[in-house]
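Below is one structure, written out as structure tokens, with a few remarks after it.
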Amino acid sequence: MAFPKRKNIQPERQRERELLVVVGSKNPVKVQCTENGFQRAFGERHFIVEGLNINSEVRDQPFGDKETSLGAYNRAKNAKNTFPEADYWVGIEGGVEELNDEMAAYAWITIMDRNGKVGKSKTATFILPGAISKLISSGMELGEADDKVFDRENSKQGNGAVGMLTNGTIDRTEYYEQAVVLALIPFISEKLYK
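Rendered as structure tokens:
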């Protein structure tokens, strides 16, 4: 794998080296929300964020917290195994779960560092409309169901269900970004998470 080389930029004040963050997906939304989240959490640091096609080892459409969080964990772990030279590895996995007669959507985030520390978080949840829920229940993945209902193509690499359902008020990058920051809590408040 070819990643950009880290630059050793040394202005008048010596600056810390750039840190490499590998996301277990090449989805541009997941890469961008990771970059945004790391910059929000560690504004003084500089990061190179790259995505890799990584297997989640769960179904294309995970159901429930257990499977979805496992998918996020596997993406981070497998990214680490694939590119161990990085400083952080991030797994983001979108999932759904049935709540009585409705279906909720959300995502789990897992972040690992070189020292073996792991941070996890979950996005906010929202209820999917019946037309999308029915397609998912029949075996379709959420992104495919969104494309069919909204007559779009590859919406999961764009604003996703959350963006389309909120008329763009919350886009998918923003939706994941806050959860990336929350998964970074053990790295931000590291003295409390040993």
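For the numbering used here, count along the sequence shown from 1 and bump the result up by 286.
Note that beta-carbon positions come from the ideal geometry of N, C-alpha and C, so glycine has one too.
Everything numeric in this text was worked out from a predicted model, so none of it was measured.
Open item on the list: With the cut-off set at 7 Å, would you say E383 and G350 are in Cβ contact?
Closed with: Their beta carbons are under 7 Å apart, which means E383 touches G350 by this criterion.
TODO: Compute the Euclidean distance between the alpha carbons of S311 and L385, then round it to the nearest angstrom.
DONE: Using only the alpha carbons, I get a separation of about 28 Å.
Open item on the list: On the DSSP letters alone, give me the boundaries of the alpha helix (DSSP H) that E450 sits inside.
Closed with: At residue 450 the sequence reads Met, which differs from the Glu that was named. It spans G446 to L451 - the alpha helix (DSSP H) in which M450 sits, taken as one unbroken run.
Open item on the list: Here's the rule: buried if 16 or more other CB atoms are within 10 angstroms of the residue's CB, otherwise exposed. What is L338?
Closed with: Burial call: buried.
Open item on the list: Taking 7 Å as the threshold (C-beta atoms), are R326 and I340 in contact?
Closed with: No.
- [ ] Please check the pair I334 and E353, which I expect to be a contact at CB under 8 Å, by giving their CB distance rounded to whole angstroms.
- [x] For a cut-off of 8 Å, the C-beta gap from I334 to E353 is around 31 Å, too long to register as a contact.
TODO: Note down the Cα distance separating E330 from A465, rounded to an integer number of angstroms.
DONE: The alpha-carbon atoms of E330 and A465 are separated by roughly 20 Å.
Task: Nearest-angstrom Cα separation, counted from T459 out to P472 - done: Near 22 Å, if we compare the C-alpha coordinates of T459 and P472.
Open item on the list: Three or more C-beta pairs under 8 Å: does that hold for the segment 418-436 against the segment 447-455?
Closed with: Short answer: they touch.
TODO: Evaluate N440 with the Cβ neighbour count: other Cβ atoms within 10 Å of its Cβ, from every protein chain shown; 16 or more gives buried, anything less gives exposed.
DONE: In summary, N440 is exposed, with fewer than 16 beta-carbon neighbours lying within 10 Å of its beta-carbon over all protein chains present.
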